[in-house]
């Protein structure tokens, strides 16, 4: 048996269309959903990624402003930029791109992204709201995994789902999203020992550890649906996931490819979140504030 | 073999002493750590519990103000009380006691508890900060479980820990705390199917589901350390945990009793958190704010 490959591209297209439809509707009401991307690095792969967001936004009729503060920007400068963007009515969504300048801590900054514009779920308040089941934007990658499972009609309720990786941007928020969908959720990480102990019996394995070839064929069974969130840039510039495709594909039931899997859905979701944020802000602006 | 019983009382005493020592030091500097408990119910077991907090606070030299707004209080009234307490310099810690009046949603209110006074980790921001590994108060019950494991020198790093229950006050924050301590963490719940599938292989099982007799002897092994977070009031007024002690005790390696286990540590931690909050606020008040 060979695992079927679950391409993210058709779903990415559907989500991009949804973002576009909403953007068009908002444009007809006189407002253009706009995303601001704050960059403070000269790292070429970051700039490549930001340009890909810009192109996708343009295609969807969503404005995209890149604010490049340079790689020497201080924490104070970045805080002031994030505060301004949070207060600026013409900006609906804000992304703070990593890496940041040496010594600047992401966690010190993301609290200055207004929760209603935090379309990549970076502010800890967004994560906390997700945890308690309140409305908030999830990190786009975490939501992309859930949307992929949903798109391919892979049930999660009552099933054994193992997430490999405990990052703030994927592992932790994803485990909270999955719990909210009634999955039994296990989070493994670098201190878990051999992964097979947990992953072999799992119905769904999500690998988001950032380590090429981490999950191998002996870690999965013929029932396993494997979602590969890894995006590791190899020395030749090509992209590889966290799954050892050569050994996993002959064993597992299904597998998302890298590239062309979860990653393509992630960018589309950033746009959809921007449209959703713009819609919500447009509604809020029209609602009179009642002072008791 | 019979599971050894892990009493929470010696640890509770140690924590209470720590809270008291800090309170005394603060009193000598002229400030008395003070806890405010907001109550909006006539439920007798709630009032019983609040009185037990008052007594414990008094014994530790910590001030305790109970603000009883009555069972007919509106959301507006509760918000205004929480805002006032958050702004009041003589109050260092705030607890919003449940149950709340019908129609009033906990999640709408807890966001008005200032994070630095949120000593029972109720504000979603506290949960989000915990998730990203930043300083914040954990819900006292979740921290009590971690302190119990620590006190009895039960290692969690690299071990298989299963949490039964996904509540905002225990299951979710506890899973985040355990992940932060390098445990491989699984969260089970009412939709997980037979628990034994997950709990039987676990090194540590924490049961926090609020269902009497949920975990039975067939769900555990001779290696299992079982932490019972359940506090179910039976029809005769006595307290029972979530563990079926009669069947679990002959099988498991260790078990926390109810009453006299995790619960006793929880109240002591509320006091310690209040002292810690008071210390932190006293420091912050002395630190000049630098305006850039």
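Protein chains in written order, with our numbering: chain A, 1 to 292; chain B, 1001 to 1292.
Yeah, the Cβ is synthetic: ideal placement off N, Cα and C, and Gly gets one too.
Note that the structure is predicted; figures quoted are calculated from it, not measured.
is_contact[residue i, chain B] using C-beta, thresh 9 Å
i                      : result
residue 233 of chain A : no
residue 134 of chain A : yes
residue 172 of chain A : yes
residue 86 of chain A  : no
residue 292 of chain A : Low per-residue confidence applies at residue 292 of chain A: pLDDT is 48, beneath 50, and the placement is therefore not dependable, though the value from the model is reported in the following sentence. Chain B, which has a Cβ nearer than 9 Å to the Cβ of residue 292 of chain A, makes this yes.
Closer than 9 Å at the beta carbon, the chain A residues around residue i
i                       : result
residue 1184 of chain B : 186, 187, 188, 189, 191, 192, 193, 197 and 198
residue 1158 of chain B : 191, 192 and 193
Whether residue i touches residue j by CB criterion (9 Å)
i                       : j                       : result
residue 54 of chain A   : residue 37 of chain A   : yes
residue 266 of chain A  : residue 98 of chain A   : no
residue 1033 of chain B : residue 1279 of chain B : yes
residue 1250 of chain B : residue 1003 of chain B : yes
residue 1258 of chain B : residue 1243 of chain B : yes
residue 1187 of chain B : residue 1163 of chain B : yes
residue 1146 of chain B : residue 1129 of chain B : no
residue 215 of chain A  : residue 262 of chain A  : no
residue 1183 of chain B : residue 1157 of chain B : yes
residue 1091 of chain B : residue 1085 of chain B : yes
residue 1066 of chain B : residue 1050 of chain B : yes
residue 1041 of chain B : residue 1071 of chain B : yes
residue 172 of chain A  : residue 109 of chain A  : no
residue 115 of chain A  : residue 136 of chain A  : yes
residue 1025 of chain B : residue 1264 of chain B : no
residue 1089 of chain B : residue 1246 of chain B : no
residue 1254 of chain B : residue 1152 of chain B : yes
residue 1104 of chain B : residue 1134 of chain B : no
Contact with chain A by residue i, beta-carbon distance below 9 Å
i                       : result
residue 1117 of chain B : no
residue 1214 of chain B : no
residue 1176 of chain B : yes
residue 1280 of chain B : no
residue 1010 of chain B : no
residue 1059 of chain B : no
residue 1092 of chain B : no
residue 1245 of chain B : no
Chain A residues whose Cβ lies nearer than 8 Å to that of residue i
i                       : result
residue 1126 of chain B : 128
Inter-residue CB distance, residue i and residue j (contact presumed, cutoff 8 Å)
i                       : j                       : result
residue 1218 of chain B : residue 1241 of chain B : At roughly 17 Å, the Cβ-Cβ gap does not stay under 8 Å, so residue 1218 of chain B and residue 1241 of chain B are not in contact.
residue 211 of chain A  : residue 189 of chain A  : That pair is no contact at about 11 Å.
residue 1200 of chain B : residue 1221 of chain B : 6 Å
residue 1023 of chain B : residue 1275 of chain B : 5 Å
residue 1093 of chain B : residue 1277 of chain B : 5 Å
residue 52 of chain A   : residue 282 of chain A  : Actually they are not in contact, since the Cβ atoms of residue 52 of chain A and residue 282 of chain A sit about 27 Å apart, beyond 8 Å.
residue 256 of chain A  : residue 148 of chain A  : 6 Å
Contacts that residue i makes with chain A (C-beta to C-beta distance below 7 Å)
i                       : result
residue 1166 of chain B : 179
Under 9 Å from the C-beta of residue i: neighbouring residues of chain B
i                      : result
residue 107 of chain A : 1129, 1132, 1133 and 1134
heavy atom of the ligand COA below 8 Å from residue i C-beta
i                      : result
residue 235 of chain A : Among the components of this structure there are no ligands whatsoever, and the ligand COA is therefore not found.
* To do: Assess, as a yes-or-no matter, whether the region 1111 to 1123 of chain B is touched by the region 1268 to 1287 of chain B under the definition of 3 or more beta carbon pairs within less than 8 Å.
  => Cβ pair count under 8 Å is three or more, so yes.
* Taking 8 Å as the threshold, find out whether the region 216 to 236 of chain A comes into contact with the region 1225 to 1244 of chain B through three or more Cβ pairs. => The answer is no - the region 1225 to 1244 of chain B does not touch the region 216 to 236 of chain A, with fewer than three Cβ pairs under 8 Å.
* Any 3 or more C-beta pairs closer than 8 Å across the region 203 to 210 of chain A and the region 164 to 183 of chain A -> Yes, since at least three Cβ pairs between the region 203 to 210 of chain A and the region 164 to 183 of chain A fall closer than 8 Å, the two stretches touch.
* To do: State whether the region 96 to 113 of chain A contacts the region 1084 to 1100 of chain B, with contact taken as three or more CB pairs (one from each stretch) at a distance under 8 Å.
  => The region 96 to 113 of chain A, when compared against the region 1084 to 1100 of chain B, does not touch it at the 8 Å Cβ threshold.
* To do: For the region 1006 to 1013 of chain B and the region 1037 to 1051 of chain B, state whether three or more C-beta atom pairs, one from each stretch, are separated by less than 8 Å.
  => Not touching, per the Cβ criterion.
* Asked: Does the region 1018 to 1034 of chain B come close enough to the region 1055 to 1069 of chain B that 3 or more CB-CB pairs lie under 8 Å?
  -> With a cut-off of 8 Å, the region 1018 to 1034 of chain B and the region 1055 to 1069 of chain B count as touching, because enough Cβ pairs lie within range.
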